[in-house]
């Protein structure tokens, strides 16, 4: 099943410029050809092309499904962007496949990457959503400082993965008790600092462990994302 | 902790040529400097450099630990190599971090990649082992045809992930009942063929599912590897 991305305008869905070009110029779609289009908010729209235009291709809405391909929980990942952006891009692709609703890049004491450009990651999120047949594009937040992030209010339990000393419980146990709708914080290559961990605990965030293995930042993050999925199967 | 790779020769451990060059020429290690060296079979050896040579650097064995950094189960992954080798390389790096003991590349009806060169993957396995502080390098088998593989005898239960029609149980349920020491088969981009799936069942292999999400080959494989890890925490 091939998906396109666009926005509803009245009784039609208009594809974005990139998607219009792909549909009309690359795939040679014609007026009357049936397309399936997601709006990025959970809506799936199906219908024939009524405007065969390579910059603003539009379909008529014959069918409309809400919450299409929805993951049955909200997973919010707060992560210090990796020094190597490829690793973060890979993580987002995989996280979308397994199921993630929001990503908050955080700036930590040991962060090696202090600037963060979202454009490319937004493209990866969209292609991941289309590839894994989901209707909703995860929310990608701007980079925020660790202490500002832990001070924000959240509607789900928040957990912090930390390799250093401290009280921690396995994430899978927390999720079996409290559900898979969570926020999980994963630190940079050098981990969170002891002070950051203590600040998180003081802010009511719970320390968790993903097991004894030494995992890279992006591997730990994907393990957390997948743990939420497993917890829903138990 | 920095690890090197070498082989025991009498009362010394001699680093491989690459590792000797890295230690002596790149890192400028000198006679008397203490190195930690893994033999790739679970052994960790620590001692001072007694031969400062950039092709066959050797240490004296002061300390020796067996089964160092051992994962408490054997995970054998049988996978159709992805069309894009980067994806397979990524998978192996991550699998080593989480824990894997053996990889069997399999040639399937829908395989897009029919040739398979192990050299680069072996380097990735070694660097993954060193990065994640393990002593044992996973075994990488030569490419084998699907029907030959299912005919081989294995000491652990064998499972096959399949997205098509058929009786399947969640892998996590199987592992909670039968343990994490398993062989899991993951198909190519086009999945296993219905005939391959039936042949596997006829060979006593159990059909499993990793959930409802549509996962890429390498994502499904890593999900299976991580499921084994989670099962040991439950």
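Chains as they are written, first to last, in my numbering: chain A, 880 to 1113; chain B, 880 to 1113. The C-beta atom is built at its ideal place from N, Cα and C for all residues, glycine as well. Just so we're clear, the structure is a prediction, and the values are computed from it rather than from any experiment.
* Check whether the region 883 to 898 of chain B touches the region 1056 to 1075 of chain B, counting contact only when three or more Cβ pairs, one atom from each stretch, lie closer than 8 Å. => no
* Locate the beta strand (DSSP E) running through residue 888 of chain B, then write down its first and last residues. => Residue 888 of chain B sits at position 9 when you count from the first residue of the second chain. Looking at the DSSP string, the run of the beta strand (DSSP E) that includes residue 888 of chain B is 882 to 888.
* Asked: Got a sec? Which residues, its chain only, sit under 7 Å from residue 940 of chain B by beta carbon, not counting five neighbours each side?
  -> As a first step, residue 940 of chain B is located in the second chain; it is residue number 61 there, counting from the start. 890, 891, 892, 924 and 926.
* With a CB to CB cut of under 6 Å and the five nearest residues on each side skipped, what residues in its chain are close to residue 1082 of chain B? -> Taking the first residue of the second chain as position 1, residue 1082 of chain B is located at position 203. The answer, listed in chain order, is 1029.
* **Nearest-angstrom Cα separation, counted from residue 1097 of chain B out to residue 966 of chain B** => Residue mapping note: residue 966 of chain B aligns to position 87 of the second chain, counting from 1. Residue mapping note: residue 1097 of chain B aligns to position 218 of the second chain, counting from 1. About 6 Å.
* To do: With DSSP collapsed to three states, give me the class of residue 954 of chain B.
  => Reading the second chain from its first residue, position 75 is the one you call residue 954 of chain B. The answer is strand: DSSP assigns residue 954 of chain B an E or B state.
* Would you say residue 1006 of chain A reaches chain B, if we count a Cβ-Cβ gap shorter than 7 Å as a contact? -> Residue numbering aside, residue 1006 of chain A sits at position 127 when the first chain is read from its first letter. So, not an interface residue.
* To do: Compute the Euclidean distance between the alpha carbons of residue 1021 of chain B and residue 997 of chain B, then round it to the nearest angstrom.
  => Counting from 1 along the second chain, the entry for residue 1021 of chain B is found at position 142. Counting from 1 along the second chain, the entry for residue 997 of chain B is found at position 118. Spanning the two alpha carbons is a distance of roughly 8 Å.
* Which parts of the region 918 to 979 of chain B are runs of the alpha helix (DSSP H), unbroken and 4 residues or longer, counting only runs that do not cross its ends? -> 964 to 977
* To do: Please list, in chain order, all residues of the same chain as residue 990 of chain A whose beta carbon is under 6 Å from its beta carbon, the five residues on each side excluded.
  => What you label residue 990 of chain A is simply residue 111 of the first chain in a count that begins at 1. The residues are 959 and 1067.
* Report yes or no: do three or more beta-carbon pairs, one from the region 944 to 960 of chain A and one from the region 978 to 990 of chain A, lie closer than 8 Å? => yes
* DSSP three-state assignment for residue 1046 of chain B, whether helix, strand or coil -> On the second chain, position 167 is the one that residue 1046 of chain B refers to. Looking at residue 1046 of chain B - three-state DSSP - the assignment turns out to be coil, as it is neither helix nor strand.
* Taking all protein chains shown into account, do 16 or more other C-beta atoms lie within 10 angstroms of the C-beta of residue 1017 of chain B, making it buried, or fewer, making it exposed? -> By 1-based counting over the second chain, the position of residue 1017 of chain B is 138. That one is buried.
* To do: Check whether the Cβ atoms of residue 953 of chain A and residue 1032 of chain A lie closer than 7 Å to each other.
  => In the first chain, counting from the first residue as 1, residue 953 of chain A sits at position 74. In the first chain, counting from the first residue as 1, residue 1032 of chain A sits at position 153. No. Outside cutoff.
* residue 1093 of chain A versus residue 1001 of chain A: straight-line alpha-carbon distance, rounded -> Looking up residue 1093 of chain A in the first chain gives position 214. Looking up residue 1001 of chain A in the first chain gives position 122. Straight-line Cα distance between these residues: approximately 29 Å.
* Quick one: does residue 989 of chain B have its CB under 7 Å from some CB of chain A? -> Along the second chain, one-based indexing puts residue 989 of chain B at 110. By the rule that beta-carbons nearer than 7 Å mark a contact, residue 989 of chain B does not touch chain A.
* Roughly how many angstroms lie between the CA atoms of residue 999 of chain B and residue 881 of chain B, to the nearest whole one? -> As a first step, residue 999 of chain B is located in the second chain; it is residue number 120 there, counting from the start. As a first step, residue 881 of chain B is located in the second chain; it is residue number 2 there, counting from the start. CA-to-CA, the gap between residue 999 of chain B and residue 881 of chain B works out to about 21 Å.
* Asked: Of the residues that make up the region 968 to 993 of chain A, which ones have a beta carbon closer than 7 Å to any beta carbon in chain B?
  -> The residues in question are 969, 973, 976, 977 and 978.
* Is it true that the CB of residue 1035 of chain A sits closer than 7 Å to the CB of residue 1086 of chain A? -> For the purposes of this step, residue 1086 of chain A is identified with residue 207 of the first chain, where counting begins at 1. For the purposes of this step, residue 1035 of chain A is identified with residue 156 of the first chain, where counting begins at 1. Cβ atoms of residue 1086 of chain A and residue 1035 of chain A: not closer than 7 Å.
* To do: Starting from residue 1005 of chain B, follow the alpha helix (DSSP H) in both directions and report where the run begins and ends.
  => Residue 1005 of chain B sits at position 126 when you count from the first residue of the second chain. Annotation: the continuous alpha helix (DSSP H) that includes residue 1005 of chain B extends over 998 to 1010.
* **Interfacial residues, the region 1096 to 1109 of chain B to chain A, with Cβ spacing under 8 Å** => 1098, 1101, 1102, 1105, 1106, 1108 and 1109
* Asked: What residues from the region 1049 to 1074 of chain A come within 8 Å of chain B, judged by C-beta to C-beta, listed N to C?
  -> 1049, 1051 and 1052
* Evaluate residue 1106 of chain A with the Cβ neighbour count: other Cβ atoms within 10 Å of its Cβ, from every protein chain shown; 16 or more gives buried, anything less gives exposed. => Looking up residue 1106 of chain A in the first chain gives position 227. Answer is buried; the Cβ neighbour count reaches 16.
* residue 1084 of chain A and residue 1039 of chain A: beta carbons closer than 7 Å? -> Translated into positions along the first chain, residue 1084 of chain A becomes position 205. Translated into positions along the first chain, residue 1039 of chain A becomes position 160. At a Cβ-Cβ threshold of 7 Å, residue 1084 of chain A and residue 1039 of chain A count as neighbours.
* Measuring CA to CA, which of B/1026, B/1048, B/1053 and B/1091 is closest to residue 1078 of chain B? -> The residue labelled residue 1078 of chain B in the question sits at position 199 within the second chain. Comparing Cα positions, the closest option is B/1026.
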